[in-house]
Amino acid sequence: MIKTKSDYYHYLEQDRMALNVKGSLKDHLTHDIWHFQKALRKLEFVKNTASNILTKSYAAYLQLKVRRLGRKLGFSIPANVFGPGLSIAHAGTIVINGRCKIGANCRIHVCVNVGGGLSKKANPPVIGDNCYIGPGAKIYGDITLGNNVAVGANAVVNTSFDSNLTVGGIPAKVISEKGPLDILKKSSLGLSSDSGKK
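Here full-length UniProt numbering is used: the first residue of the sequence shown is 1, the next is one more, and so on.
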């Protein structure tokens, strides 16, 4: 959670790198997801540090701005849910319960829903660091997903899973004992070895 100005700058920089934003004029003019994430992080900073009527009013203004940008892109993402390094892959429907806690370096795709159970009192999911959430995934209920977990496209996850796994299916089950970091590491090693052969 963003509690200081240094936290705010750290979150922004981690998000920028996760989105691969270079800071070019093109990115400044056309990268709508980056604009949304910057507004979300500013809202989190101001909301979490507001101490008087002026800063609370500014937080209310930023809340409206985030909501407006979110509607344009199809996002319903409240403040203080995601850790640093958030990477929203594409514009399109993403709905996140405001009480969810999702760790650092989350890559999330379109048509994802992360929410509570049938009861309003039910706790929503807690998701660890370095997780990948594929298109169309539904994650709900009082569950925990560990670190380095990949959730496959269109998976329905309603039970807890440990770290370093890939889950998929309806209902979700373990389909690999490797998580997204393991897959990325293997890919990068494959690319280096291929380039060495040329």
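For each residue, glycine too, the CB sits at the ideal point set by N, CA and C.
Where Asp7 and Lys47 are concerned, what is the direct C-alpha to C-alpha distance, given to the nearest angstrom?
-> Rounded to whole angstroms, the separation of the alpha carbons of Lys47 and Asp7 is 13 Å.
Nearest to Ala63 by alpha carbon, out of Ile94, Phe36 and Leu86?
-> As written in the sequence, residue 63 is Gln, which differs from the Ala given in the question. Comparing Cα-Cα distances from Gln63 to each of Ile94, Phe36 and Leu86, the minimum goes to Phe36.
Along the chain, where does the beta strand (DSSP E) that runs through residue 204 open and close?
-> This structure gives no information on residue 204, because the portion of the chain shown stretches from 1 to 198.
Kindly identify the DSSP beta-bridge partner or partners of Ser76.
-> Answer is Val95, bridged to Ser76.
Flag this pair as yes or no: are the beta carbons of Pro78 and Asn130 separated by less than 8 Å?
-> Between Pro78 and Asn130, the gap from beta carbon to beta carbon reaches 8 Å or more.
CB of Ile143 within 8 Å of CB of Ser163, strictly | For Ile143 and Ser163, no; Cβs fall outside 8 Å.
Straight-line Cα distance separating Asn80 from Gly115 = Spanning the alpha carbons of Gly115 and Asn80 requires a straight line of approximately 15 Å.
Using the Cα positions of Gly168 and Asn147, report the straight-line distance between them to the nearest angstrom.
-> For Gly168 and Asn147, the gap between their C-alpha atoms comes out near 16 Å.
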